[in-house]
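Participant: Sending over a structure as structure tokens; questions will come in a sec.
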């Protein structure tokens, strides 16, 4: 599985980090989401679907 955030699209709302903190966190310097683990938590799909700008992708390898 490959989890990515398009930083050009990310607005830093933090919904991904709230839903799945084991995979996502907000970069304090950039103010945008970042992937900290490729081991998906149960809420990864919900985070992908909840991103207001569709900046998160999750592809099966």
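Residue numbers (the numbering used here): 4 to 64.
Here a beta-carbon is modelled for each residue, glycine too, at the ideal position from N, C-alpha and C.
(1) Near residue 34, what residues of its chain come up, given a Cβ to Cβ distance below 8 Å and the 5 sequence neighbours on each side ignored?
(2) Leaving out five residues before and five after residue 23 in sequence, what residues of the same chain have Cβ atoms less than 7 Å from its Cβ?
(3) Please classify residue 56: is it buried, with 16 or more other beta-carbons within 10 angstroms of its beta-carbon, or exposed?
(4) Rounded to whole angstroms, what is the Cα-Cα separation between residue 62 and residue 7?
Facilitator: Let's see:
(1) Within the chain shown, the letter at position 31 stands for residue 34. If we look at residue 34 and ignore the five residues flanking it on each side, its Cβ neighbours are 15.
(2) Residue 23 sits at position 20 when you count from the first residue of the chain shown. Excluding sequence neighbours, residue 23 sits near 44, 46, 47, 50.
(3) Counting from 1 along the chain shown, the entry for residue 56 is found at position 53. Flag for residue 56 reads exposed.
(4) Locating residue 62 in the chain shown gives position 59, where the first residue counts as 1. Locating residue 7 in the chain shown gives position 4, where the first residue counts as 1. Linking residue 62 to residue 7 through their CA atoms gives a straight-line distance of about 9 Å.
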